[in-house]
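Right, one structure below, let's go through it.
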Amino acid sequence: MGSYLSLCWCSDDDADEAEYSNRKAELLKQNDENRRRSREDHQKRLKQMEDDGRNNSLRLREDARRENENYAALRQEARRKRIQEEKEQAAAHRAILEARDEEHRERMERLQEEFEKNSAANCSNRRKTQEVEQTSLE
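Every letter in the sequence shown is one number past the one before it in the UniProt record's numbering, and letter 108, counting from 1, is 108.
As structure tokens, then:
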């Protein structure tokens, strides 16, 4: 500043006023620069908040999608287990029914054999009874 003042053909009051004006201009320039930086920083913060909000929304959507996929996988696994259990129960039920059918068939065969044996015995007894009756009538 001293060199600037030495170039001026001004009085000391004019020099003080010029220095004051220069200092004032410099402070106004710094103030404007600070305001500009403050606005830019504010805009950056707003943009960052907006991006964070978007990222948060994206993250929330991704979390919800993942949760839905996990839920769907769990439901599918539960359904697969239920179907497997139903198949096992059906197979056990069929085995029981087949065993009962086999028991029924064997029982019917035994009853048929007993019936035939009893029928033969009844026929034999009837013949004997008829013979006894005939011999007693004679």
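Glycine included, every Cβ here is placed at the ideal spot set by N, Cα and C.
A straight-line Cα-Cα distance of about 57 angstroms links Glu26 and Arg66.
CA-CA distance, Arg79 to Ala64, rounds to 22 angstroms.
Between the alpha carbons of Gln130 and Lys117 lies a distance of about 20 angstroms.
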